[in-house]
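Protein chains in written order, with the numbering used here: chain A, 1 to 443; chain B, 1 to 443.
A virtual CB, placed ideally from N, CA and C, is assigned to each residue, including glycine.
These numbers come from a predicted model, not from an experiment.
These notes concern the structure reproduced below.
There are 2 protein chains.
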Amino acid sequence: MENIKTLLDNKQYQELKQHLLSLNIADIAAFFEELEDKQQITILFRLLSKDVAADVFAFLQPEYQEVIVNALKDKEIALIMSDLYMDDAADFLQEMPANVVKRVLKNTTKENRDTLNKLLTYPEYSAGSIMTTEFIDVKQTLTVDEAFSKIKKKAADSETIGTIFVTDAKRKIEGVLSIRDLIMAERDALIKDIMNPNVIYATTTTDQEEVGALFDKYDFYALPIIDNEQRLVGIVTIDDVMDVVKEEVTEDMEKMAAISPTEEPYLKASAFSHAKKRIFWLLFLTISASVTGAIMSFFEDAFVAIPALVTFIPTLMGTGGNCGSQSATLVIRGLALNEISIKDYFKVAFKEFKVSLLVSIILSVVNFAIVWLRYGDPLLALVVALSLIIVIVIAEFIGSGLPLLAKVCKLDPAVMASPVIATLVDCIAMVSYFLIASAILGL
Amino acid sequence: MENIKTLLDNKQYQELKQHLLSLNIADIAAFFEELEDKQQITILFRLLSKDVAADVFAFLQPEYQEVIVNALKDKEIALIMSDLYMDDAADFLQEMPANVVKRVLKNTTKENRDTLNKLLTYPEYSAGSIMTTEFIDVKQTLTVDEAFSKIKKKAADSETIGTIFVTDAKRKIEGVLSIRDLIMAERDALIKDIMNPNVIYATTTTDQEEVGALFDKYDFYALPIIDNEQRLVGIVTIDDVMDVVKEEVTEDMEKMAAISPTEEPYLKASAFSHAKKRIFWLLFLTISASVTGAIMSFFEDAFVAIPALVTFIPTLMGTGGNCGSQSATLVIRGLALNEISIKDYFKVAFKEFKVSLLVSIILSVVNFAIVWLRYGDPLLALVVALSLIIVIVIAEFIGSGLPLLAKVCKLDPAVMASPVIATLVDCIAMVSYFLIASAILGL
């Protein structure tokens, strides 16, 4: 990598061009992202051989794509656009400002322009928005040999040749076969005799998360996408699904930490946009916390009489929150992996009840000992121990129940994670604690 | 699905056998997992056609595999074992009790037995433990036509034919090409002229997480795995990597919620094993919380003089914890996606500082208003507002810094997530709060 930088800085462009030939596309793209000088970015891009330029371009972050497109001539843009896969081209255009989109589309063939305009209208997170339109389809009546000739012709422009689709004259999907089926078949066999007529597909409006679930269940490499007239209009490939899975996980984790998800990478997002994505939940949670505080005012007499009671607040609130967030995390992840469904509600609740008893007894015993040793007061220790049991049982009940409730209400279970639960549990914890203290210590 | 159940219950086995032919392997496997009667499980398995039996078997959970193997005759086991891919066979054996393993290996060909024994010795989470040994390799000197004949012969037994590897006489890897390259080439071209000699590979001991990162970076469908004598011994395919990614994400989420990760699905794990994976961190955190409590004892005079101070504890501890966990989550995820690395430490710290100022000013203003309205005491409101600013700035500093520190120390950053940070922040929050209160209110 340092080698490239030196060659570029020394303007040894011929050597650099040679050196680039031996590198992997992903490595070249990674090197681009280390450059800051716009001119160097453009020079390096122009040194790429024609057959990898579009591939490298597809790998780049939008800000680099914009720099390059702005420096290229119309003819060069036309070349890139004819080489890009349609899904990569659509992703690229989606991130560009209007004037760049206009110029790029002007330098795209009419056919590709129509395809792109269509791809860009599919709703975000839909199968249509992640599919590509470049796939291989053959007719039932072809022989294996004829199919191979067709594949050979279309291979360079298809995102995958691993899966081949069979369509009728109206482009309705009739079957599917793998390149392996084709290679293993006799060369004069008919496609209709070796294809699998049970095709599993999604529609352009299917949510990308459901598309991911289909790949997960069936171990597909490519999934056909049909429009509402049942015509095959595109395919989603496994590498697109990997990106979807990553995005969805990031989104879940952010929601679980009370962050409103965005797609900006951490370092690229400004402090202002970071603050924006964090403040909504913080405001909601801080107001909830003052409600807990207001409720605690009712017990002021208790903690004036026995100030030591206040020093156990961190233990009760902390442990309650931690137990609730453990339960919530396990249930949210179980739902995401389809290991748990709504009908398992009672099983989950019963299991969490047993777990909360086991966990709370151990923690109570430990805290009983700590408090007794510190204050020499077994009654005070009893208050803490009993409160802990009640708080933990309630925390795990709420922690496991709320994500399932969210699922029933068609909300994202991830929103019902630790911070929301911790705040709710805090409130219940304080009330139970001071009620138990009042009863046992006679306050 | 209900249809199958009815046919099975009515013992209409001929109809059932016919019906199964039209179903997808994954759907058949999903149906198995709804059966509870061991005899029905075995009957259904025996009704599967020979060419899908092993595929369905590979899809099943270990407990179902065990029921089936125990019911099968030696000959039937031998058949399954010869049809299973080696990685699936190794995964299956790993979950079986010793007597089952012994019986299965006895009914496996010597060649496969040797391969399995080798696969089973690779450390957990290594590339060796997830790779399969069934791939297609050709020699440099073959023509495309000769390569096709070899592929045709080996296709049925290879996990993928999408990527073809080129090896020398000593099985050292020399190049790689895709089935697309092969199809697009002239039939008399030589492999050495169309192969890509820049092979990216991993070794049997590479961590599976690193293997996942390679797939992510290069958009591979299959990655070659070499032993320490540079010989090609297996391949990892993208569907195995999808499973790895899922596992790693679950592990990260569990660690982030203070759970010791296990691989058991939620509902399958007993209450006892759930308690076991949750209690370690809870004990650690409860003891940390009593340290915070002990420190708070020093300020007893303050909250006896002004009991209202106690009612702001939930706001300070809650908000501090939430801010810290937001920062920690963003940094942990950024590290996992390689969007952030250790060298970005100062960038991250500076960004978090700016974010914490923005966020804390908004939250302070809101809380200042709430406290002033509730108690009519601007000084008390000032105490809460100032404490919040300090707590939030510290929380985001710790929240973003600890995961990076963990990374430097070669620990998993995910462990440094919300609960650990919340407990640390609680302690700092309480000390700052009471110091500020003492200073401003003159306690």
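- In this structure, the CA atom of residue 264 of chain A is about 21 Å from the CA atom of residue 127 of chain A.
- Of the candidates A/227, A/222, A/243 and A/259, A/243 places its Cα closest to the Cα of residue 219 of chain B.
- Residue pairing by DSSP puts residue 235 of chain A in a beta bridge opposite A/132 and A/224.
- Residue 53 of chain A sits in a helix when the DSSP states are folded into three classes.
- In this structure, residue 145 of chain A sits away from residue 107 of chain A, with a CB-CB distance that is not shorter than 9 Å.
- Close CB contacts of residue 281 of chain A within its chain, under the 6 Å cut and outside five residues either way in sequence, are with 258 (chain order).
- Here DSSP, grouped into helix, strand and coil, assigns residue 95 of chain A to helix.
- For residue 315 of chain A, at least one C-beta of chain B is nearer than 9 Å to its own C-beta.
- Within chain B, the residues whose beta carbon sits less than 7 Å from that of residue 312 of chain A are 293, listed in sequence order.
- Across the region 146-175 of chain B, CB contacts with chain A closer than 9 Å involve 148, 151, 152, 155, 156, 158, 160, 161 and 162, in sequence order along the chain.
- Taking residue 76 of chain B as reference, the option from B/86, B/47 and B/403 with the minimal CA-CA separation is B/47.
- In this structure residue 408 of chain B does not touch residue 353 of chain B by the C-beta definition: roughly 20 Å separates them, more than the 8 Å allowed.
- In the DSSP assignment, residue 126 of chain A is bridged to A/207.
- Annotated as proximal: residue 279 of chain B and residue 362 of chain A, with beta-carbon spacing under 9 Å.
- According to DSSP, residue pairing for residue 190 of chain A in a beta bridge involves A/143.
- Scanning its chain for C-beta atoms nearer than 6 Å, with the 5 sequence neighbours on each side dropped, one finds around residue 334 of chain B the residues 340, in chain order.
- Taking a cut-off of 8 Å for Cβ pairs, the region 153-164 of chain A and the region 174-182 of chain A touch, as three or more such pairs fall below it.
- The Cβ-Cβ distance between residue 71 of chain B and residue 45 of chain B falls below 9 Å.
- In the DSSP annotation of this structure, residue 262 of chain B is not part of any alpha helix (DSSP H), being labelled neither H nor E.
- Secondary structure at residue 376 of chain B: coil, using DSSP grouped into helix, strand and coil.
- Distance from the CA of residue 32 of chain B to the CA of residue 212 of chain A, rounded to the nearest whole angstrom, comes to 23 Å.
- For residue 125 of chain A against residue 207 of chain A, the beta-carbon gap comes to about 6 Å, under 8 Å, which counts as contact.
- Shown here for residue 197 of chain A: same chain residues with a beta carbon closer than 7 Å to its own, the five before and five after excluded, namely 174 and 175 in chain order.
- For the pair residue 133 of chain A and residue 233 of chain A, the CB atoms are nearer than the 9 Å cut-off.
- Looking at A/89, A/195, A/14 and A/306, the one whose alpha-carbon comes closest to that of residue 381 of chain A is A/306.
- Under the Cβ distance rule, residue 297 of chain A counts among the residues neighbouring chain B, one pair being separated by less than 9 Å.
- Contact fails between the region 93-104 of chain B and the region 181-197 of chain B, because fewer than three Cβ pairs, one in each stretch, are under 8 Å apart.
- Contacts with chain B (Cβ-Cβ distance below 8 Å) from the region 203-229 of chain A involve 215, 216, 217, 218, 219 and 221, listed in chain order.
- The distance from the Cβ of residue 331 of chain A to that of residue 404 of chain A is about 6 Å, consistent with a contact at the 8 Å cut-off.
- A check of alpha carbon separations from residue 284 of chain A across B/58, B/105 and B/366 identifies B/366 as the nearest.
- In the structure shown, the three-state DSSP call for residue 165 of chain A is strand.
- In this structure, the beta-carbon distance from residue 41 of chain A to residue 64 of chain A falls below 9 Å.
- Comparing alpha carbon positions, the residue from A/357, A/98 and A/142 closest to residue 194 of chain A is A/142.
- CA-CA distance, residue 261 of chain A to residue 245 of chain A, rounds to 15 Å.
- Contact note: residue 333 of chain B reaches chain A through 250 and 253, using a C-beta cutoff of 7 Å and chain order.
- Nearest C-alpha to residue 399 of chain A among A/424, A/158, A/300 and A/28: A/424.
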